[in-house]
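Here's the structure we're looking at; comments come further down.
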Amino acid sequence: MMANKSELLELEKGFWTGDAAYFKANADTECLVAFPQMAQTMSNADLAETATDPNRWRDLDIDLKGIIEPGSDIVMLTYEAHATRENGEPYAALVSTGYVHRVNGWKMMFHAQTPLEPAAKT
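So that you can map any letter, position 2 of the sequence shown is -4 in the numbering used here, and since no number is skipped, the others follow by simple counting.
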């Protein structure tokens, strides 16, 4: 199965802006996550609980850096993200996400973010 790049990027944007229902509908049963503050396996329900505020990000810009399909039902993508937090603070990160194709579509099964240092103001 060939992954549709635009479909995956739309899914990805939804994880930045969606609510708990979006997470429940689009994350796999379990998801491996890695952030500077934590790295663990999270259940679908626990992951959905992290999306309590759908307005937590705005002005999202995704610059896709790479996409691979190591199997017929697995796709990995990596990108640089720039967004603004709800409080107006800018945020930038290198992001990698893995999706697995299930009978009801692509489901996120891995997600990692490495924040980038803010650019020096000149």
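C-beta atoms are modelled at their ideal positions from N, C-alpha and C, and glycine is treated no differently.
Bear in mind that the values here come from a model prediction, so they are computed numbers and not experimental data.
K7 to Q34 span [Cα, whole Å]: 22 angstroms
Assigned exposure category for F29 - 16 Cβ within 10 Å defines buried: exposed
Backbone CA spacing between F104 and G92 [nearest angstrom]: 5 angstroms
Residue(s) in a DSSP beta bridge with Q34: V27
Start-end ranges of the alpha helix (DSSP H) lying completely within the segment 31 to 108, minimum 4 residues: 38 to 42
Integer-rounded CB distance, given that D40 should sit under 8 angstroms from M102: With 8 angstroms as the limit, M102 and D40 do not qualify as a contact, their Cβ atoms being about 13 angstroms apart.
Pair within 8 angstroms by beta-carbon distance, I62 and A75: no
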